[in-house]
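Just so you know, the sequence shown maps onto residues 1 to 467 in the UniProt record's numbering. The beta-carbon is built from N, C-alpha and C at its ideal position, and this holds for glycine as well. One structure is given below, encoded as C-alpha cells.
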Amino acid sequence: MRRSAWGWLLLLVVVSGCTSRFVDFAPDEEAIYAQPIDEVWPQVRAWFRANGFAFREAPGGASLVTEWREEFAGSRVSAYWHRYLVTARPEGPHRCKLVITRESRSVNKALKAPGSDLLWVVDARTDDNPAGIGSPMAALLAQQQSDDAAVLVGESQQSARDMVLEWKVFRKISPVLARETKRSSEGPDVEVMKDATIECGVPILGLGRLARAGNVVLLGEVHGTQQVPHFVAQSACQVALQGIPVTVGVEVPAGNQARLETFLASQGGEEDWAKLMESPFWRSPYPDGRNSEAVAYLFEALRKLRAQGLDVRLFAYDHPPLEGEAREEAMARTVLEVAAASPGRALLVVSGNLHPRQVQGLPWNRDYRPMGLRVARERGGVYSLDVAYKSGTAWICAVGPEQKLDCGVKPARGQDNGDRYFVQLFGDRNAQGYHGIFYVGAVSASPPAVSQGVEPAGDARATSSGR
C-alpha cells in the first residue's frame with residue numbers, strides 16, 4: 001500500500017469546505033423534529049408500514065426493528081438482506097430525533113469479516129439441543145428474523161447509521177405533524193429522485209462530491225478482490241438513485257460490448273448467463289482478477305438496477321492485444337468517446353491502478369503516458385482515485401521463482417481505516433497523479449468466475465494484462 005487514508009477528522013474538514021450544503025449523497029446534519037416523541041412516533045410507524053416494512057416494536061419505548069428484507073431476490077451473486085433499527089430520542093423537553101441504523105448482510109462475500117466464511121442456514125437449535133451442537137451455525141452470529149422463524153446466519157455484514165433515510169422520513173412526515181419545524185427549511189438538500197424502496201447500501205461518504213453529471217471518475221484498483229466490484233455496484237446505485245444517469249466502465253476487452261449490453265437488458269436466466277460467459281475472456285489461462293466472481297456480481301447488480309428502473313449502463317474499453325502506450329491510447333479514446341456521447345451522465349471507470357494516473361512517467365519509463373493523463377488532457381471534470389483498504393487477500397497474478405506467471409490468492413497489505421466505504425480527496429493531485437482515494441475496508445480474494453480448462457482459453461494477451 002503506497003498511501004494510507006487520512007484521518008476521519010481531515011475528511012470532515014475537506015467535506016465541510018464545500019460552499020454548498022449539498023456536499024454529498026449523505027447529509028452531514030441530523031434531522032431534528034420540533035415535536036415531542038409522543039407526537040412524532042405514530043407518524044414514524046405509519047411511514048414504515050406504508051412503505052412495506054414489517055417490524056416489531058420494543059415494549060414501553062419508541063423503538064422498532066424491521067424484519068430482514070431481501071434485495072435482488074433470486075440473484076445467484078448479488079442478493080443481500082437488510083433491516084433497520086429505529087429509535088426516537090429526546091432532544092430537550094419538546095423536541096426529538098430519529099436514529100436509524102441500517103444492517104446489511106450479503107450472499108456475496110464482499111461484506112464478510114476478514115478470514116471468515118459466509119453461511120446461510122436455518123437455525124438448528126432445538127429444545128433438545130439448545131446450543132445447536134453439530135450444526136455450523138453454533139459458531140456463527142445469529143440474527144432473529146421473527147419469533148419462531150428461520151434465522152439468517154452469517155458474518156457478511158455492514159452496519160452504519162443511515163442519515164439519508166432519517167431525512168427521507170423527516171421530509172415525508174413533517175408536513176403532517178402539528179407544527180412545521182424551522183429545521184425543515186434549513187435541512188441539507190438531500191433528494192431521492194427514484195423509488196424509495198430501492199436499496200443501495202450504506203451511503204458512501206464523499207462520493208457525491210465527484211459522481212456528478214458530466215464527470216469522469218477513474219477508479220484505480222488492485223484486481224481480484226470482492227470489495228472493489230461491490231463498491232462500484234453500490235456507487236452506481238447511489239448515484240442513479242439521485243437521478244443522475246450512470247455509466248460504468250470496466251477493463252474488459254471491447255469486443256465483449258455486445259454481450260454486456262445483451263446481458264444488462266436480459267432477465268438474467270440460465271441462457272442469458274451462458275451467453276455472457278461464452279466469451280474467452282472468462283477462461284484466460286492467466287486469470288488476473290478482472291474475470292472474477294466479483295466482476296460477475298457487478299454485472300448482475302447493474303442488470304438488477306436497470307430492471308428496477310435506474311438509468312445504468314456498462315461499457316468495455318480494453319483493447320488487446322495492444323500493449324504499453326498504444327493500449328493506454330486506445331483505452332483513453334474509448335473512454336473519451338463514451339463521455340462525449342453522454343454529457344449528462346456520470347462515468348465510473350474502474351481499472352488497474354496504473355491506468356488512472358494523471359502524471360507522465362513510470363519508474364521504468366519516464367515518458368510513459370497513462371490513460372488517465374490522456375483523458376484529462378482532452379476534457380475537464382476527470383478525477384483519478386487510488387484504492388485504499390485494510391489488509392487482506394486478493395487474487396493476483398505475479399511472476400514466480402521460475403519466471404512464470406503464478407495466479408492465485410496473495411496477501412494484500414493495507415491500513416485500517418474502519419469498515420465503511422468512503423471517498424477522500426487530497427488537497428491537490430499528488431505526485432502519483434491521483435486526486436484522492438476510495439476506501440473499501442478489509443479485502444478478500446475473488447476467484448475466477450469460470451474454472452480454468454472448462455473450454456479452450458482465449459488469447460492470453462487479451463486477458464492477462466493486469467496493470
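Counting other Cβ atoms within 10 Å of its Cβ, Asn417 reaches 16 or more and is therefore classed as buried.
For Arg102, the number of other beta carbons within 10 angstroms of its own is at least 16, and it is reported as buried. Here Glu378 is exposed, its C-beta having fewer than 16 other C-beta atoms within 10 Å. Of the residues Gly92, Val169, Phe53 and Tyr421, the one whose Cα lies closest to the Cα of Gln238 is Tyr421. Rounded to the nearest angstrom, the gap between the Cα atoms of Pro411 and Gly392 is 6 Å.
The criterion of a C-beta distance shorter than 8 Å is satisfied by Ala332 and Arg374. In the structure shown, Ala332 falls within a helical segment according to DSSP collapsed to helix, strand and coil. Within its own chain, the residues whose Cβ lies closer than 8 Å to the Cβ of Val423, once the five positions on either side in sequence are excluded, are Ile204, Leu205, Gly206, Leu207, Arg209, Leu210, Leu385, Gly436, Ile437, Phe438 and Tyr439, listed in chain order. Excluding the 5 residues flanking it on each side, Pro245 has same chain C-beta neighbours closer than 8 Å at Ala213, Asp311, Val312, Arg313, Ser342, Gly344, Arg345 and Ala346, in chain order. In the three-state scheme derived from DSSP, where H, G and I count as helix and E and B as strand, Asn430 is classed as coil.
Looking at the backbone, the Cα of His230 and that of His355 are separated by about 20 Å.
Taken in chain order, the complete beta strand (DSSP E) segments of 3 or more residues contained in the region 194–248 are 216–221. Look at the beta carbons and you see the region 255–264 not touching the region 214–221: under three pairs across the two are nearer than 8 Å.
Around the Cβ of Pro59, a 10 Å sphere holds fewer than 16 other Cβ atoms; the residue is exposed. For the options Leu177, Leu264, Leu298 and Ser444, the alpha carbon positioned closest to that of Gly408 is the one of Ser444. Of the candidates Ser174, Arg161 and Tyr383, the residue whose Cα lies closest to the Cα of Tyr84 is Arg161.
Apart from sequence neighbours up to five positions away, the residues of its chain that approach Arg306 with a beta-carbon distance below 6 Å are Leu264 and Val312, ordered along the chain.
Annotated three-state conformation of Glu103 is strand, per DSSP.
Residues Val44, Trp47 and Leu98 of the same chain have their beta carbon placed closer than 7 Å to that of Val169, with the five preceding and five following residues left out of the count. Taking C-beta atoms under 8 Å as the contact rule, Tyr80 and Ser63 fail to qualify, at a distance of about 24 Å. Val252 and Glu166 have their C-alpha atoms roughly 39 Å apart. One thing to note: Phe55 has its Cβ no nearer than 8 Å to the Cβ of Val40. In the three-state reduction of the DSSP assignment, Trp364 falls in the coil class.
Residue pairing from DSSP places Gln158 in a beta bridge opposite Ser104. Gly352 and Ser174 have their alpha carbons spaced roughly 47 Å apart. If one requires a minimum length of 4 residues, the alpha helix (DSSP H) runs lying completely within the region 285–364 are 293–307 and 324–341, in chain order. With respect to the 8 Å criterion, Val217 and Val232 are not classified as neighbours on the basis of their beta carbons.
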